[in-house]
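2 protein chains.
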Amino acid sequence: MPGQRSITEAEKLAGAKLGGIPVRHEQMAVVANIYRAASAVRQHLENSVLRGSELTWTAFVVLWVVWIWGESETRHVAEEAGISKGTLTGVSRTLEARGLVRRSGHPTDGRLVLLSLTNEGEELMQRVFPQFNEEEAFVTERLSDEECRSVAEGLRRVVLQVEEQGEERRLALLDGAEPAPRRSGRRPKA
Amino acid sequence: MPGQRSITEAEKLAGAKLGGIPVRHEQMAVVANIYRAASAVRQHLENSVLRGSELTWTAFVVLWVVWIWGESETRHVAEEAGISKGTLTGVSRTLEARGLVRRSGHPTDGRLVLLSLTNEGEELMQRVFPQFNEEEAFVTERLSDEECRSVAEGLRRVVLQVEEQGEERRLALLDGAEPAPRRSGRRPKA
DNA sequence: ACGATATCGTTCGGGATCAAATTGTACGGA
DNA sequence: TCCGTACAATTTGATCCCGAACGATATCGT
């Protein structure tokens, strides 16, 4: 019902609201649609294949990373999965409790923890991934292979831009100012 | 550090893992990159412009929706913002407490609640949105206007596909099976 | 009329999530 | 050897979020 019409229509309304101030319409549309698409896809996958296996999106991503890359150090898994280390600690413990992953200490560096799939975890992914991929195909059904490549490439550039220049940009924006607090989370000691 | 290389490399590894089973590579790449881009963009915007105004991403989206569409029923706002009704209740109460939005009952339908911006909320958006849009331009800096349009259009189709056929698809997948529970959240009564 | 049914927003249960603080381990130099 | 620094993962505190249950209102059928 929100339809897609709303995006472009919203842009016009926003333009009107802002009066003289120029709006970067194309850029705004990309960001808005990235987020919409991400929510829609995530929700569809959670409600179709994932819930059937009692997996959250994050849990699946973590399993996927370990499945693909093999036994890995937790910090790499967190980075690759796009979640914080703290979150990974909780998620991996849940998965361990369900017998899907194994946590073992690094043989020479006692600070590291390695994650790997158990046989059960391996079997789960063998079963779930094809279903997951099937739904990936479903959600992108209205795009040709060529269009898929082109959209993926465009998104890749966005990711690269943020990864390579985001930090610098944030510093430049805040300049000398304080790093800005966060409403939630543990309070700084000082 | 994960770089973008990892995506395509992961696809190859996944293909190997799956042996004979065919993998829809292009489709997989689109979904993976949608999610990566969404996380990257959200994080960048939260850490740059949003935190300075003590806004979470969700709070900003809610404000934006009400700002653009004007006084609206909560269910429409939730839908448009891509969050659940329950979440919106909390978010809008927080925003009300901060004096940014107003909640008023519908004149004829007693079940409805209408959200609108206060003057203060209006001023906040006048101030914050340009900054937000500026960062939208930053994250998409590596795309031309034309490429922006094309990526946005591709994503739009993904959203439409899920919105128009997702429900049907989910039903077909589960067929007669139960709707599948969720690990967290309040337990069903039965 | 009036009860069954549908629809709204809110409440509630149970994680999920982040960032700071903390704890534990490694490794360099004095 | 012993200390300080560097770097792991984990714990902690506060909040966010979803979806089932709930209570209140509207509407439809008879």
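Listed in order, the protein sequences are those of chains A and B.
For the first sequence, my numbering begins at 2 and goes up steadily by one.
For the second sequence, my numbering begins at 2 and goes up steadily by one.
Glycine included, each C-beta is placed from N, C-alpha and C at the ideal position.
Predicted, not measured: the structure shown is a model, and the values here were computed from it.
- Arg158(A) counts as buried, since no fewer than 16 other beta carbons sit within 10 angstroms of its beta carbon.
- Where Ser117(A) is concerned, the enclosing beta strand (DSSP E) starts and stops at Val114 to Leu118.
- In chain A, no part has a C-beta under 7 Å from the C-beta of Thr90(B); the shortest such distance is about 18 Å.
- With a cutoff of 8 Å on beta-carbon distance, Leu116(A) and Val67(A) are scored as near each other.
- Along the region 31–44 of chain B, going in chain order, the ones with a CB nearer than 9 Å to a CB of chain A are Val31, Val32, Ala33, Asn34, Ile35, Tyr36, Arg37, Ala38, Ala39, Ser40, Ala41, Val42, Arg43 and Gln44.
- Using a Cβ-Cβ cut-off of 9 Å, Gly111(B) is close to nothing in chain A; its nearest Cβ partner there is about 23 Å away.
- With respect to the 8 Å criterion, Glu137(B) and Val32(A) are classified as neighbours on the basis of their beta carbons.
- By the C-beta criterion, the region 131–148 of chain A is judged not to be in contact with the region 70–79 of chain A, since fewer than 3 inter-stretch pairs fall below 8 Å.
- Taking 8 Å as the cut-off between beta carbons, the residues of the region 10–30 of chain A near chain B are Ala11, Leu14, Ala15, Lys18, Leu19, Ile22, Val24, Arg25, Glu27, Gln28, Met29 and Ala30, in sequence order.
- Interface annotation, Phe139(B): in contact with chain A, CB-CB separation under 8 Å.
- Here the alpha carbon of Ala38(B) sits roughly 33 Å from the alpha carbon of Gly106(A).
- With contact defined as three or more Cβ pairs closer than 8 Å, the region 77–93 of chain A and the region 167–177 of chain A are not in contact.
- As the crow flies, the alpha-carbon of Ala17(A) is around 36 Å from that of Glu147(A).
- Ser105(B) is bridged by DSSP to Leu115(B).
- Ala15(B) and Val24(B) have their C-alpha atoms roughly 8 Å apart.
- The three-state secondary structure of Glu142(B), taken from DSSP, is coil.
- Using a CB distance cut-off of 8 Å, Arg103(B) does not count as an interface residue toward chain A.
- Under the three-state reduction of DSSP, Glu74(A) is assigned to strand.
- One alpha carbon belongs to Thr95(A), the other to Thr119(A), and they sit about 14 Å apart.
- Within 10 angstroms of the beta-carbon of Ser85(A) lie fewer than 16 other beta-carbons, which makes it exposed.
- For Gly20(B), no alpha helix (DSSP H) run applies, since DSSP gives it neither H nor E.
- Comparing alpha-carbon positions, the option among Val152(A), Glu154(A) and Glu165(A) lying closest to Phe139(B) turns out to be Glu165(A).
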